[in-house]
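Enquirer: From first to last, the protein sequence lines are chains A and B. The opening residue of the first sequence carries number 1 in our numbering; numbering runs sequentially from there. The opening residue of the second sequence carries number 255 in our numbering; numbering runs sequentially from there. All residues carry an ideal CB built from backbone N, CA and C; glycine is no exception. These figures come from a predicted structure and were not determined experimentally.
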Amino acid sequence: MSSKHNQLSDDNAHSARRRFLGQVGVLAAGISLAPGVTLNGIAEAREADQPASDKVRWGLLVDATRCAEGCDACVRACADENGLSGHGRPETDAQWIRKVTLRDPKTKATQSLPVMCQHCAEPPCVDVCPTGASFKRADGIVLVDKHTCIGCRYCMMACPYKARSFVHETLTDQKPHTPRGKGTVESCTFCVHRIDAGGQPACVEACSKTATGAMIFGNLNDANSTLSKALADHPSSRIRADLGTDPGVRYRGL
Amino acid sequence: MSETIYSESKPCPALFYGALAVIGAVAGIGLLSAWYMEHNGHYVTGMTNQIVWGMPHVFAVFLIVAASGALNVASISSVFGRTVYKPLARLSGLLAIALLIGGLMVLLLDLGRPDRLIIAATYYNFKSIFAWNMFLYAGFLGLAALYIWTLMDRSMKCFSSVAGMAMFIWRLSLTTGTGLIFGFLVARQAYDAALMAPLFIAMSFVFGLAVFVLVTIAATWADGRPLGDYLIRRLGNLLVIFIAANLYFVTVYHLTNLYAAEHAGVEAFILTSGSVYTWLFWLVQIGIGGLLPLALLAAFRKTMCKFKISLASVLIIIGGMAQVYVIIIGGQAYPLVLFPGMEVQSSFFDGVINPYTPSLPEIGLGLGGVAVTVLMVIIGIKVLRFLPVSLADQDIDPLYKAAATE
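(1) Between the C-alpha atoms of A448(B) and S165(A), what's the straight-line distance to the nearest angstrom?
(2) What residues in the stretch 591–612 of chain B bring their beta carbon closer than 9 Å to a beta carbon of chain A?
(3) Taking Cβ-Cβ distances shorter than 7 Å, what residues in chain A pair up with Y377(B)?
(4) Per DSSP, K99(A) forms a beta bridge with which residues?
(5) If distances are taken between C-alpha atoms only, which option among S644(B), E292(B), V319(B) comes closest to I455(B)?
(6) Is there a Cβ of chain B sitting closer than 8 Å to that of C117(A), yes or no?
(7) What's the call for L550(B), buried or exposed, on a 16-neighbour Cβ count within 10 Å?
(8) Does the Cβ-Cβ distance between L681(B) and T627(B) come in under 8 Å?
(9) In whole angstroms, what is the alpha-carbon distance linking F268(A) and V144(A)?
(10) Compute the Euclidean distance between the alpha carbons of L397(B) and D49(A), then round it to the nearest angstrom.
(11) Over the uninterrupted alpha helix (DSSP H) stretch that includes S332(B), give me the two end residues.
(12) Mind the definition here: the stretch 363–381 of chain B touches the stretch 518–532 of chain B only if three or more C-beta pairs lie below 8 Å; say whether that holds.
(13) Between which two residues does the beta strand (DSSP E) containing I216(A) stretch?
(14) Taking its Cβ as the centre, do 16 or more other Cβ atoms sit within 10 Å of R408(B), making it buried, or is it exposed?
(15) Fully enclosed by the stretch 177–244 of chain A, which alpha helix (DSSP H) runs are 4 residues long or longer?
(16) Using three-state DSSP, classify E122(A) as helix, strand or coil.
(17) Which residue wins for smallest C-alpha separation from E47(A), given the options H87(A), A158(A), D196(A)?
(18) Which of the three DSSP states is assigned to V37(A) in this structure?
(19) Cβ atoms of S322(B) and G462(B): under 8 Å apart, would you say?
(20) Would you mind listing the alpha helix (DSSP H) stretches within the stretch 480–513 of chain B that are 4+ residues and don't spill past its ends, in chain order?
(21) Relative to the alpha-carbon of A552(B), which residue among L493(B), V506(B), A587(B) has its alpha-carbon at the smallest distance?
(22) With DSSP run on the structure shown, which of helix, strand or coil describes Q599(B)?
(23) What residue ranges within the stretch 269–349 of chain B form continuous alpha helix (DSSP H) runs of no fewer than 4 residues, ordered along the chain?
(24) Can you name the residues that DSSP bridges to G59(A)?
(25) In the DSSP assignment, the beta strand (DSSP E) including K136(A) goes from what residue to what residue?
(26) Assuming the contact rule is C-beta atoms closer than 8 Å, F466(B) and W424(B) should be a hit. Round their C-beta distance to whole Å, please.
(27) In the structure shown, what three-state DSSP assignment does V416(B) receive?
(28) Answer yes or no: does any C-beta atom of chain A fall closer than 8 Å to that of F523(B)?
(29) Is it true that the CB of T226(A) sits closer than 8 Å to the CB of G218(A)?
(30) Excluding sequence positions up to five away, which residues of its chain have a Cβ less than 7 Å from the Cβ of G83(A)?
(31) Alpha carbon to alpha carbon, how far is M388(B) from G247(B)? Give it in angstroms, no decimals.
(32) Please report the residue range of the beta strand (DSSP E) in which R252(A) lies.
(33) Give me the DSSP bridge partner(s) of V142(A).
(34) For D157(A), go through chain B and note every residue whose CB falls closer than 8 Å to its CB, in chain order.
(35) State the DSSP-derived secondary structure class of P642(B), mapped to helix, strand or coil.
(36) Please check if any C-beta of chain A sits within less than 8 Å of the C-beta of H517(B).
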């Protein structure tokens, strides 16, 4: 009797749990479907035990016509996210993203835009790295393996975009998701820890939340992604396209 | 001309141990400098995120390039069959090894993580010329040691020509690889030129021979060995050819860049801006290190003596250091061009001429590498038979009598 009672109780419990999980699933689907971006994010999040896939090529579109001069929301977000506090020495402090102001010397017209690692398809930094510490993931993100970087800085010499920094002094209070190390080279990771969790780079998020929404992040290999559609709608350009590095970062209005 | 007899160097003990103490102290300063840089991080140096390679690289590249050039004498004797240089081939090999080890030591100790040498030796990216250079450097040391063995061991003598030829090909490959470290930097206005490879070969010829001349004169002076004037004249003539070759490639390099409008900026910066690099280029590299020794060696061709050729060699080395400095530091001081035709400004020093002042630890580390080179040579000639008992013309030069009676 007692065992039968227990059996019924277990069945009821399982049934209740299934109903609860079903309701949560419907709710989650509803929330996810509403803003399409979130749906994309979850669909492309990577399981921790799965390798990055070349079906995805992460890219970024910066609309320079909407990027406000004087706004550095993306720069601050990057520093906060990755713990780039600096030591008050601009020449040697790391900068993964910077705002560059351009001025046409003939027309005097100016514009402002962020420049970071361009996550090239043919990255010179990866080509020149003697140990292979500088590498490109299958999904196009260019990273530095902090365990095999010997700090020779040849990648910094080779990068056409001045996107890399050398860690010139001892670091404290590092972020667990952004390993860094004195004596090694580093650069923008596209906030790879966020991307693998289905999110977006901190700079993109900050730009859309607190600035002008001049950045669109997404999958260049997916013709239906917001990024691909935006790139298809209007012409865009790449910095130093003549070098043939095929950057993953494109600029509109440059 | 009889068979050459070699012996260990026998300078007076005060000179030997005094030199060891002084040069050892400089090597110690080099190691201390490296420790200081690594302990604190590179922010204590003059290097930044803009000038990423600094004074240690100037020393290292000079020493590595000179290592290849130090083999000139060995190559000329073993590959081109000029017997007059044969007695100096052993010293040529020893100096090449010492220069390369000194240069590599500086390069290694300047790394952000010198403790990861084992990683550098076990992880290879074969698309990187740096990785290839590690094999070229290691092979150079091995071949040079093998070459010296064939010269010193009678039973191996039959292999000396083969070893000399292999060494000759290898040294040209090594200097090509060193030049291409810069030649493959496609984005930098001052580099991105295949001409860097032959330019570095020409640089190696002249720098290496200048160092070799000084070492030979010092080593023979230390224990009073005769050194013939006719040999000195021959070496002087070689220096003239090599200085001219270096000047030729420098001229072609700059003319090529001047022809391309996209390189006009960096050329104007180096050649005419009035910056420190302009002075170093025209006054030190071309004037003091090129034209002056060229004139000195040519004007006193018939009356060349140890003092004059030593003076010319010192001038060549000063000019050579300036040349490497202009290439490495000047090339980085000129900003990367991300947006051609636009004026740019940023918090990361885009669009500006990057300043650089070498720090004491950097210079200390560089001099430490030089000291290690000198120590290896001093100890090498002291314990092994690298030096001929006599380098007098009548003892080593079969053509001397004919020439003397001209």
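Expert: The relevant details are as follows:
(1) 27 Å
(2) V591, L592, F593, P594, G595, M596, E597, V598, Q599, S600, S601, F602, F603, D604, G605, N608, P609
(3) T131, G132, T148
(4) P114(A)
(5) V319(B)
(6) no
(7) buried
(8) This structure gives no information on residue 681(B), because the portion of chain B shown stretches from 255 to 660.
(9) Any answer about residue 268(A) is impossible in this case: the structure gives chain A only from 1 up to 254.
(10) 47 Å
(11) 326–332
(12) no
(13) 215–219
(14) exposed
(15) 192–196, 202–210, 226–233
(16) coil
(17) D196(A)
(18) Because V37(A) carries a pLDDT of 41, less than 50, the predicted location of this residue cannot be relied on, and the following value inherits that uncertainty. Here V37(A) sits in helix by DSSP.
(19) yes
(20) 483–513
(21) L493(B)
(22) strand
(23) 309–323, 326–332
(24) G218(A)
(25) 134–136
(26) About 18 Å separates the two Cβ atoms, so there is no contact after all.
(27) helix
(28) no
(29) yes
(30) D173, Q174, K175, T178
(31) Any property of residue 247(B) remains undetermined from this structure, which presents chain B solely from 255 to 660.
(32) 249–252
(33) K136(A)
(34) The sequence shown places Met at residue 157(A), rather than the Asp named in the question. Correct list: V306, W307, L439, R442, Q586.
(35) strand
(36) no
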